[in-house]
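Here the structure is laid out as structure tokens; the discussion comes afterwards.
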Amino acid sequence: MSGWEGRKLHFIGVGGAGMSGLALVCARLGATVSGSDRSDSSYLARLRAAGLEVAVGHDAANLPAGAEVVVSTAIGADNPELAAARQRGVEPVHRGALLAELCAEKRLIAVAGTHGKTTTTAMIATALRAIGADPAFFVGGEVPGLGQGGGAANAGWGEGEWVVAEADESDASFLELRPEVAVVTNVEMDHHSRWGSLAELHEAFRRFLAPTVGAALPADGSLDALVAAGGRRIEGFGPASPGPAELELAVPGAHNLLNARAALAAIALAGFELDGAAAALAGFSGVRRRLERKGRRGGVLIYDDYAHHPTEVRAALSALRELDPPRLIAVFQPHLYSRTKAFATGFGTALALADEVAVLDVYPAREQPVGALAGVSGLDVARAAADRGGGIPVWWLPEAGGAERALAARLDRNPDLFAAGSVLVTIGAGDVFRLGEALADGGEGS
């Protein structure tokens, strides 16, 4: 009998990539698992298909008797299920602590960094699966090919000795992990509500790396200061190494080449040969919501990307430029008021890589536009894009329904401007992908 059998776990906010993956693995290991989320989603559908009891909407009645309660940082103290648990004397377990508990059962490769960690984690899991290592994995997105029958999955529990996990610095939960091998893709300021300065963030990454035996870091030495001298193997990664000099990838973008090299560096540190791993990455088709092809509208190809930092927006648009589209239109939804306030100018500069830009209003997630954030809106980004765009059209479309109608009319009435092969990409960590799905008049590959 495993230590998970007989445990009862209730996940509040189970519909996200991280929480749903934890729920699935705990159920796989024998725990009785339930959960709830404020809205339905593909993640909830997958949980139901696995036999888990999940509710749409938060209500104290959802909380089973005798259950441990698992929450993420996004769950507020006013959540009725969390309040009911505390009334019963049950203190919640943070998802980061539960992830650490699971990862402690195997040898851990943890992937951290401001950008690229989801794709890099997915690449490592895909390659290790292909070479027969059968890892457990926790990825912050759905990865085609890692699920049953070749379907998509964001988590799984293999029989091998390794687990690969995406490590989240946004709420400092990555400090719960004790990795044997760690990857740090890059470090930039992003989560301003948690980290007061880059120096504070660097110190957190030093603590994250402290227990490691091996660390994969950028070969340019920019992050070497994060690692204390002695007692640790460092594997640098860059555009040409490690692995074969010519690395074939199916996913576009210089950033994805770096992600692949980082993945190979971690795989080498774990003691595996790279030839088979590199061959597996040639067939890696990406992660959903990372330059994901959603369909088309007429001759215009529709993509979606999760980018929510200026560096990520720039990388996504640069990658799409490699497709040589006749016209590229970026539809951007800022995520969080704090991030929008900090990076409005940077977002505008990055979006100016497109031929046209449409900006939606901020997806607030857990924030409210009060206090220092009062008055912040997507209009700040639209103005910055107009200032830096050299005369390109910039549209401020704050309302989702109006945005769909305006963009549909723009595409349909200008077939000469949007020649076949043009690209429209929705960008952001909120629900902007739904706009792309609504605009598409055909499915993947249509």
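Here the sequence shown is numbered in our numbering, starting from 488 and rising by one per residue.
Just so it is clear, CB atoms sit at the ideal spot from N, CA and C, and this is done for glycine as well.
This one's a predicted model, so the numbers in the text were calculated from it and none came from an experiment.
Excluding the 5 residues flanking residue i on each side, which residues of the same chain have their C-beta closer than 8 Å to its C-beta?
| i | result |
| --- | --- |
| R808 | L815 and L840 |
| E568 | H497, I499, S523, H545, D546, A547, N549, L550 and V556 |
| F724 | A703, L704, P705, A706, L745, R748, A749, L751 and A752 |
| A570 | A547 and A564 |
| V543 | S523, D524, R525, S526, D527 and L531 |
| F834 | P797, V800, F819, P821, T827, V868, A871 and A872 |
| D928 | G782, R783, R784 and G785 |
Using the Cα positions of residue i and residue j, report the straight-line distance between them to the nearest angstrom.
| i | j | result |
| --- | --- | --- |
| V512 | N549 | 21 Å |
| G643 | G538 | 16 Å |
| R897 | L838 | 18 Å |
| G917 | R665 | 30 Å |
| M676 | E540 | 38 Å |
| R515 | F624 | 13 Å |
| S521 | A510 | 8 Å |
| D792 | E779 | 6 Å |
| G862 | V849 | 11 Å |
| G636 | E653 | 23 Å |
| A737 | G773 | 8 Å |
| T560 | G785 | 41 Å |
| H679 | R826 | 7 Å |
| P579 | A852 | 21 Å |
| V501 | V650 | 21 Å |
| W882 | R681 | 32 Å |
| K593 | G877 | 53 Å |
| G583 | A906 | 47 Å |
| L534 | S507 | 7 Å |
| A895 | Y790 | 15 Å |
| A609 | V626 | 6 Å |
| F935 | V857 | Limits of the chain in this structure are 488 at one end and 933 at the other, which puts residue 935 out of reach. |
| T605 | D903 | 38 Å |
| P726 | A741 | 8 Å |
| G632 | I596 | 20 Å |
| I611 | Q574 | 42 Å |
| G634 | R875 | 43 Å |
| E931 | L866 | Low confidence applies to E931: its pLDDT is 43, below 50, so where it sits in the model is not reliable, and the reading given next is rough at best. If I take the Cα positions, the gap works out to 32 Å. |
| L589 | A890 | 43 Å |
Residues in its own chain within less than 7 Å of residue i by CB, not counting five upstream and five downstream?
| i | result |
| --- | --- |
| V919 | V818, Q820, L847 and T913 |
| E722 | G701, A703, P729, A752, A755 and L756 |
| T691 | Note on identity: in this sequence residue 691 is Ala, with Thr being the wrong assignment. E656, A659 and L662, listed in sequence order. |
| A767 | T613, A614, A617 and I618 |
| G647 | A620, D621 and P622 |
| P812 | G908, S909 and V910 |
According to DSSP, is residue i helix, strand or coil?
| i | result |
| --- | --- |
| D934 | Residue 934 falls outside the range modelled here, since the chain spans only 488 to 933, and no answer is possible. |
| A691 | helix |
| L810 | coil |
| F834 | helix |
| A652 | strand |
| G493 | coil |
| S933 | With a pLDDT of 43 at S933, under the threshold of 50, the predicted position of this residue should be treated as unreliable, though the coordinate-derived value follows. Note: S933 maps to coil in three-state DSSP. |
| H742 | helix |
| E629 | strand |
| I914 | strand |
| V512 | helix |
| A591 | coil |
| G638 | coil |
| E663 | helix |
| P920 | As written in the sequence, residue 920 is Phe, which differs from the Pro given in the question. F920 falls in the helix class under three-state DSSP. |
| L815 | strand |
| L866 | helix |
| E891 | helix |
| V800 | helix |
| E760 | coil |
| E555 | strand |
| M488 | Caution is warranted here: a pLDDT of 45 is assigned to M488, below 50, making its placement in the model unreliable, and the coordinate value is therefore given only provisionally. In this structure, M488 counts as coil in the three-state DSSP scheme. |
For residue i, list the residues DSSP reports as bridge partners.
| i | result |
| --- | --- |
| G782 | I789 |
| V460 | What is shown of the chain runs 488 to 933, which leaves residue 460 out entirely. |
| K828 | In the DSSP output, where bridge partners are listed per residue, K828 has none listed. |
| Y850 | H822 |
| D524 | V543 |
| F724 | P705 |
| V942 | The structure shown does not extend to residue 942, since the chain spans only 488 to 933, so no value can be given for it. |
| T519 | K495 |
| F624 | G643 and V651 |
| W882 | A845 |
| I596 | V651 and V668 |
| E733 | DSSP lists no partner for E733. |
Might you give, ordered along the chain, the residues of its own chain that have their beta carbon closer than 6 Å to the beta carbon of residue i, omitting 5 neighbours on each side?
| i | result |
| --- | --- |
| G763 | I618 |
| A845 | V818, W882 and L884 |
| E492 | G517 |
| K950 | Lying before the first or after the last residue shown, residue 950 is absent from the chain, which here runs from 488 to 933. |
| A587 | E663 and L664 |
Answer with yes or no whether the minimum CB distance from residue i to chain D is below 9 Å.
| i | result |
| --- | --- |
| G627 | Absent from the structure: chain D. Only one protein chain is present. |
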